[in-house]
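In what follows, a structure is listed as structure tokens, so that the remarks can point back to it.
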Amino acid sequence: VDYGAAHAAKYGHDRYGKTYAGAFREWQPGQKIHLIGHSMGGQTVRLLEEMLRNGNPEEVDYQKQHGGSISPLFKGGQDNMISSITTLAAPHNSTHAADVGNEPFIRQLAYDYARFQGHKLSRVDLGLKQWGLAQRDGETHAQYVKRVNNTSKIWKTKDNAFYDLSREGTSKLNQHTSLNPNIVYKTYTGESTRPTLDGRQKADINIKFSYLVTANVIGKAPEKKWRVNDGLVSVISAQHPFNQAFVPATKEIKKGVWQV
């Protein structure tokens, strides 16, 4: 993974992360594919398409000023690689569940767990080595913990999923992505709550236990239209980005507009 030289310098982590083997190595301009993104993966596929088409101006400018290499992805100009984008329960406009994750106590628990799993004998890889959360060769566990506590910027950054799923984070992503007139866009939402007498939404009796708390938290949201949810994401958030065009889904396939 190449996070980009500009991005890495801005947020204070390594430029390169984990290496993933290609799943479809024949993918190239003219060889279009269909992208399906579940949950936060919906944001991922939208941003990927935006970069393929328009690149990343910040990375291009940084490379011009500082030299060095730049990923072809950040240069853009590839408008013929995707046929359709489908999102499943994607938090296009945030999720109230992220508000729980952004609580200092909860975030600290998550980071402490990630730090713990960074020891050399761990079988769990949380993909945070770019932040230094991996014990180095010849480094004792005590030295590892001290280094991470003193030098890693992960503790105060907005460069994480907690922020990207917040109202502010999703709004920024929506402003930086656009609809491609040559692509078919479709969304699917889920509903796992039912109304109560006081107008709130309560988790369905058959909901997965791990979603019970978040479903009820979202079901009490101040904005009534946000209360119906699938346990993690409000239906209204999963339908389409608020700042982008949409139409009700029919048998007719349309391009350049969200079909919800």
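The numbers in full-length UniProt numbering rise by one with no breaks, and the one at position 93 of the sequence shown is 93.
Glycine included, every Cβ here is placed at the ideal spot set by N, Cα and C.
If you're wondering where the values come from, they're calculated on a predicted model, not measured in any experiment.
Of Glu252, Thr189, Lys254, Asp198, the smallest CA-CA separation from Gln239 is found for Thr189.
DSSP places Tyr62 inside the alpha helix (DSSP H), whose first and last residues are 57–66.
Taking 7 Å as the cut-off, the beta carbon of Tyr11 is found closer than this to the beta carbon of Asp159. Taking the Cα of His66 as reference, the smallest distance to any Cα among Met51, Ala9, Gly77, Gln78 is reached at Ala9. Look at the beta carbons and you see the stretch 215–227 not touching the stretch 168–176: under three pairs across the two are nearer than 8 Å. Annotation: Thr151 to Ile236 spans about 40 Å, alpha carbon to alpha carbon. For secondary structure counted as the alpha helix (DSSP H) over 4 or more consecutive residues, the stretch 183–260 holds these complete runs in sequence order: 212–218, 235–239.
By the Cβ test, the stretch 39–57 is not in contact with the stretch 119–134, since fewer than three Cβ pairs between them sit closer than 8 Å. C-alpha of Ser192 to C-alpha of Leu165: approximately 20 Å in a straight line.
Ranked by how close their Cα comes to the Cα of Thr250, the residues Met81, Val260, Gly256, Phe242 have Val260 in first place. In the three-state reduction of the DSSP assignment, Thr157 falls in the coil class. A Cβ-Cβ contact shorter than 7 Å links Val233 with Thr95. Under the 8 Å Cβ criterion, the stretch 26–34 does not count as touching the stretch 42–49, having fewer than three qualifying pairs. Residue burial is scored here from C-beta neighbours: Arg227 has at least 16 other C-beta atoms within 10 angstroms and is therefore classed as buried. At the C-beta level, Ile85 and Leu126 stay beyond 7 Å of one another.
A direct Cα-Cα distance of roughly 25 Å separates Gln117 from His7. Counting along the chain, the unbroken alpha helix (DSSP H) around Ser171 starts and ends at 167–175. Spanning the alpha carbons of Pro72 and Tyr163 requires a straight line of approximately 27 Å. DSSP, read as helix, strand or coil, puts Leu73 in helix. For Asp2, the three-state secondary structure derived from DSSP is strand.
Ranked by Cα distance from Ala89, the first of Gln43, Asp61, Thr157 is Gln43.
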